[in-house]
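Residue 5 is where the sequence shown starts when you use this note's numbering, and the numbers rise one by one after that.
Positions of the beta carbon are idealized from the N, C-alpha and C atoms, including for glycine.
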Amino acid sequence: MGHTAHNKTKLLNRVKRIRGQVEGLERGLEEGRDCGEVLQLIAAVRGAVNGLMAEVIEEHLREHVASPDISGEERARGADDIAGILRTYLK
5 MGHTAHNKTK LLNRVKRIRG QVEGLERGLE EGRDCGEVLQ LIAAVRGAVN GLMAEVIEEH
65 LREHVASPDI SGEERARGAD DIAGILRTYL K
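Shown next, in the form of structure tokens:
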């Protein structure tokens, strides 16, 4: 079982908050809110998604790279996973 399954409720709650923020952003755009307000909403969504990503990355590193209970091959695979994801995420 993956570490995301262990933290499923916590992670889903974060996703639900992000969904609410995105819906607020959508409403702001539909209502023609001031660009400053829209930018603030976008920044909030971005911060929330970054926070979620950081939490999942941290747990991945702990479970699939730094854990003393895994083999060198598993550790290398975990590190490769993170490297690929970070390359995509940081584009």
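Pairwise C-alpha distance: MET57 and HIS68: For the purposes of this step, residue 68 is taken as residue 64 along the sequence shown, with counting starting at 1. For the purposes of this step, residue 57 is taken as residue 53 along the sequence shown, with counting starting at 1. Approximately 16 angstroms, taken between the alpha carbons.
With DSSP as the reference, label LYS95 as helix, strand or coil. Here residue 95 is taken as the residue at index 91 of the sequence shown, counted from 1. DSSP places LYS95 in coil when its eight states are reduced to three.
Tell me the DSSP secondary structure of VAL69 in three-state form. Here residue 69 corresponds to residue number 65 of the sequence shown, with the count starting at 1. VAL69 falls in the coil class under three-state DSSP.
Integer Cβ distance of LEU45 from LEU29, believed to fall under 8 angstroms: Translated into the one-based positions of the sequence shown, residue 45 becomes position 41. Translated into the one-based positions of the sequence shown, residue 29 becomes position 25. Rounded, the Cβ-Cβ distance is 4 angstroms, consistent with contact.
Helix, strand or coil for GLY40 per DSSP? Position 36 of the sequence shown, counted from the first residue, corresponds to residue 40. Note: GLY40 maps to helix in three-state DSSP.
Taking the alpha helix (DSSP H) that ILE22 falls in, what are its first and last residues? Here residue 22 refers to the residue found at position 18 of the sequence shown. Counting along the chain, the alpha helix (DSSP H) containing ILE22 begins and ends at 12 to 34.
Closest to ILE61 by C-alpha separation, out of LYS95, ILE89, ARG79, GLY36, would be which residue? Translated into the one-based positions of the sequence shown, residue 61 becomes position 57. Selected option, being the one with the closest Cα: ILE89.
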